[in-house]
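Some notes on the structure that comes next.
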Amino acid sequence: MLKKLLYIFASLGIFAALLIFPKAAAEAVKDGLIMCGQVIIPSLFPFFIATNLLNELGASKLISNALAPFGARLGISGHGVSAFIIGVTGGYPLGAAYTARLRSQGLISREEASRLLVFCNNSGPAFIVGAAGIGVFSSAAVGFFLYAVHILSALSFGIMICPKAPCDICYDEDIFAPVSFSEAITASVRRSADSVIGVCAFVIAFSALNGVLDGMDITRILAGELSYRLGAELSWCRALLSGILELGNGIGGMAGLDIRPLNLALAAFILSWGGLSVHFQTLAMISGTDIKTARYMIGRLMIALMAASLSLLGTSIVF
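The sequence shown lines up with residues 417 to 735 when you count with this note's numbering.
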């Protein structure tokens with residue numbers, strides 16, 4: 417009862433803030449729509465269609481059979497390996513959507529799906545190299561470095577939480593589903609459209625929240641206090657606070673920062689954390705399944721801290 421009352425008061429507070437700062441919210445929504453049109457939809461929608469189509473036609477089973485021996489050594493199925501590959505190539509929240517699809521089809525267990533959700537839902541190369549590398553640091557090399565750190569931290573944490581003992585190698589005998597290509601492509605496009613609309617809705621919602629917080633000067637005050645305590649640049653602290661809420665705003669807020677170890681570590685942290693917006697997208701993707709989410713947030717935080725540490729270590733070698 418108390419928790420529900422807190423949620424109600426929080427919702428009323430957000431509603432009141434929107435009434436008091438409508439212009440800030442509207443401008444933030446415009447920025448969110450631009451981000452969706454220029455980055456989110458072009459980079460995610462084709463991948464959503466491709467992965468859904470592969471799944472509908474049975475290619476995911478074929479890939480999992482090929483990867484089964486490798487996955488068994490790590491304590492995960494071939495489907496788990498394919499989920500990781502799709503997660504690090506397609507971007508948020510494709511890894512979660514693919515994992516949920518595997519679970520709903522009964523191809524992986526509930527326990528494995530819950531583990532996969534933590535480290536298979538990652539940012540893709542299009543966003544990391546394009547938005548973070550070139551967009552923020554004006555360097556594709558930095559983007560590829562951050563992408564390598566992103567993959568390594570997720571994979572390392574995944575190995576840590578997987579069973580220590582190798583699992584049995586399991587193959588799917590019924591690989592190709594009895595579905596026509598026209599049915600498969602129709603279902604894939606419709607499912608992908610629903611998914612990308614949901615993703616954009618969360619991006620826009622959290623962009624509005626960021627705009628309201630800026631309008632209330634809360635972000636500026638918190639960033640100033642954090643800058644004083646840590647001795648970091650104000651823009652660095654603002655990017656961190658924005659990135660905790662929403663990935664795109666966090667990375668975009670880093671524009672103009674130099675290529676320095678702490679700045680790259682911040683970018684690595686934000687990219688691996690993903691933001692609360694991505695986490696809500698993830699929860700939406702797995703709704704209707706029995707996948708456990710108790711360790712998801714903690715897992716993503718651990719991966720983000722690992723990414724920041726690996727970035728600090730790597731910058732002394734690469735740059």
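Here a beta-carbon is modelled for each residue, glycine too, at the ideal position from N, C-alpha and C.
Keep in mind that this is a model prediction, so the values were computed, not measured.
Using DSSP with H/G/I as helix, E/B as strand and the rest coil, what is Phe437?
coil
Secondary structure at Ala609, three-state DSSP: helix, strand or coil?
helix
7 Å CB neighbourhood of Ile502 in its chain, flanking five on each side removed:
Thr467, Leu510, Gly511 and Tyr514
With a threshold of 6 Å on Cβ separation, who are the neighbours of Gly664 within its own chain once the five nearest residues in sequence on each side are excluded?
Met451
Locate the alpha helix (DSSP H) running through Cys653, then write down its first and last residues.
Leu650 to Leu661
Arg517 versus Met576, Gly496 and Phe535, residue with shortest Cα-Cα distance:
Gly496
Cα-Cα, which of Gly574, Met576 and Arg607 is closest to Phe461?
Arg607
What distance in whole Å lies between the Cβ atoms of Gly659 and Gly666, which are believed to be in contact at a cut-off of 8 Å?
2 Å
Give me the Cα-Cα distance between Phe796 and Ala564, rounded to the nearest whole angstrom.
As displayed, the chain neither begins before 417 nor continues past 735, which places residue 796 out of reach and without an answer.
On a Cα-Cα basis, can you pick out the residue from Glu649, Val694 and Asp706 that is closest to Leu682?
Glu649
Take Ala639 and list the residues in its own chain whose beta-carbon comes closer than 7 Å to its own, dropping the five residues that flank it on each side.
Leu650, Cys653, Arg654 and Leu657
Leaving aside the five residues before and after Arg711 along the sequence, list all residues of the same chain whose C-beta is less than 7 Å from its C-beta, in chain order.
Val534
Extent of the continuous alpha helix (DSSP H) run through Ser539:
Per DSSP, Ser539 belongs to no alpha helix (DSSP H) and is neither H nor E.
I need the DSSP call for Tyr508, collapsed to helix, strand or coil.
coil
If we ignore side chains and look at the alpha-carbon of each, how far apart do Phe679 and Ala603 end up?
Checking the displayed sequence, the identity of residue 679 turns out to be Asn instead of Phe. If you take the alpha carbons of Asn679 and Ala603, they lie about 42 Å apart.
Where does Thr467 fall in DSSP's three states?
helix
What residue range does the alpha helix (DSSP H) around Gly691 cover?
Gly691 to Met701
Shortest alpha-carbon distance to Ser732 belongs to which of Ile613, Cys536 and Arg676?
Arg676
Could you spell out where the alpha helix (DSSP H) holding Gly669 opens and where it closes?
Unbroken run through Gly669: none, as it is neither H nor E.
Using alpha carbons as the reference points, say which of Ala570, Ser555, Leu434 and Ala442 lies closest to Cys536.
Ala570
What number of angstroms, rounded off, separates the C-alpha of Val552 from the C-alpha of Asn481?
40 Å
For Asp447, which of Val605, Gly691 and Gly668 has the nearest alpha-carbon?
Gly668
Whether Val455 touches Ser623 by CB criterion (8 Å)
no
Check Lys708 in the structure and name its three-state DSSP category.
coil
For Gly730, I'd like the list of residues in its chain whose CB is within less than 7 Å of its CB, leaving aside the five on either flank, ordered along the chain.
Phe561 and Val565
Can you grab the Cα-Cα spacing for the pair Leu523 / Ile575, in whole Å?
20 Å
For Pro579 and Leu490, I'd like the C-alpha separation in whole angstroms.
7 Å
Contact set for Phe630: own chain, Cβ-Cβ below 8 Å, skip 5 residues either direction:
The question names Phe, but residue 630 is Asp in the sequence shown. Closer than 8 Å at Cβ, skipping near neighbours: Ala440, Ala444 and Arg636.
Would you give the residue range spanned by the alpha helix (DSSP H) that Ser569 belongs to?
Ala556 to Ile577
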